[in-house]
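Colleague: For the sequence shown, counting from 1, position 151 maps to 151 in the numbering used here; every step adds exactly one. The C-beta atom is built at its ideal place from N, Cα and C for all residues, glycine as well. Note that the structure is predicted; figures quoted are calculated from it, not measured.
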Amino acid sequence: MSLVLIAFLVSIAAGGFGALVGIGGGLIIVPVLTVLLDVPIKTAIAASLIGVIATSMSASAHYLDSGIADRRLGLLLLLATAAGGISGGLLGSLIDGRVLALLFGSLLVFVAVQMIRQRAAAPAPVPHDDPEGGGFVSSYIEPSDGSEVRYRARRMEAGAAASFAAGNVSGLLGVGGGVINVPTMNLAMGVPIRVATTTSTFMLGPTAAASALLYFAAGVLDPVLAGPVALGVFIGARIGARMSSRVSEGALRIAFIGVALVFAAQMFYRAATG
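#1: Hey, Asp-70 and Thr-184: beta-carbon distance below 8 Å or not?
#2: Pull up the distance between the alpha-carbon of Gly-26 and that of Ala-47, whole angstroms please.
#3: Three-state secondary structure (DSSP) at Ile-95?
#4: Starting from the C-beta of Leu-107, find all residues in its chain whose C-beta is less than 7 Å away, skip the five residues before and the five after it, and write them out in chain order.
#5: State the Cα-Cα distance for the pair Phe-202 and Ala-59, rounded to the nearest angstrom.
#6: From Arg-154, Gly-15, Leu-33, Phe-263, pick the residue whose C-alpha is nearest to that of Met-57; which is it?
#7: Residues in the same chain with beta-carbon distance under 8 Å from Ile-53, minus the five sequence neighbours each way, listed in chain order, please.
#8: Which residues share a DSSP beta bridge with Ile-141?
#9: For Ser-163 and Tyr-151, which I take to be in contact (beta-carbon distance under 8 Å), what is that distance rounded to the nearest angstrom?
#10: Return the residue from the list Phe-216, Gly-219, Phe-234, Thr-197 that minimises the CA-CA distance to Ile-73.
#11: By alpha-carbon positions, which one of Leu-102, Asn-186, Ala-61 ends up nearest to Gln-114?
#12: Which partner residues does Ala-83 have in the DSSP bridge list?
#13: Consult DSSP for Ala-19 and reduce its assignment to one of helix, strand or coil.
#14: Which class does Ala-153 belong to by DSSP, given the choice of helix, strand or coil?
#15: Sort Gly-250, Leu-94, Val-111, Val-149 by Cα distance to Met-68 and report the nearest one.
#16: Which same chain residues end up closer than 7 Å to Glu-142 when comparing Cβ atoms and leaving out the 5 residues on each side of it in sequence?
#17: Which ranges would you report for the alpha helix (DSSP H) in the segment 3-64 if only whole runs of at least 4 residues count?
#18: Suppose you measure from the CA of Ile-41 to the CA of Ile-29; what does that come to, to the nearest Å?
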């Protein structure tokens, strides 16, 4: 089976998973291309960024139309994320590939630990009528039972700082930034996990586009590889977006943790062996 076909099939799965958990699919695409298919990590990151753009374009329209993604919160955090994407893309072209693999693995372990520490129940929301709560109030209709869920997004300064870091991670490692955005919105800002994942998906595209341009300028973006990755992710993301209302929040969290730990081990191996 050719590299292009394998990359296409893997990207379908990555796009679906990425749309479900708001990470853009890079958690799967980069390790598979690097560890299993022996693609240079910078080329894999560049291709993954194109896939991240496809994920965002494919899934975010559905999430916005359904009212689950928080448009206002996403636009506020996007300013910081896009700025981070530019600086991360610049750094990515300068750092050695083995160091990138080590950083990627470390990031996955950190995020998995943070999500394991989170209890199955969502963080207790700040009452929407609490004058001391800060932030702003939003709501969405929970697809599983049709109930209205109200929440207050708070700690906007922390969210902006984390979004800048997420943009750097996106540009540096090609993972879309959702690995930071989702836990931050959920754990620190009090945003329900379903809103956090869908809003993160909405933010992914512009951030990845800023970084991908820098990788293209550096000459490491391979169109022959990036094309099938983008197409596969686009298809997978549409499937994942449609499935999101049928998957429980607990299942999303477990899937996020499991995949992160598996690929962390693979990236550490890559960093050690070159």
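Modeller: In terms of the structure at hand:
#1: no
#2: 9 Å
#3: coil
#4: Val-169, Leu-173, Val-179
#5: 8 Å
#6: Gly-15
#7: Leu-204, Gly-205, Ala-208, Ala-209, Ala-212, Ala-230
#8: Glu-148
#9: Actually they are not in contact, since the Cβ atoms of Ser-163 and Tyr-151 sit about 18 Å apart, beyond 8 Å.
#10: Checking the sequence shown, residue 73 turns out to be Leu, not Ile. The option with the nearest alpha carbon to Leu-73 is Thr-197.
#11: Asn-186
#12: Bridge partners of Ala-83: none, in fact.
#13: helix
#14: strand
#15: Note that residue 68 is Ile in the sequence shown here, rather than Met. The candidate whose alpha carbon is nearest that of Ile-68 is Val-149.
#16: Val-149
#17: 3-21, 26-31
#18: 11 Å
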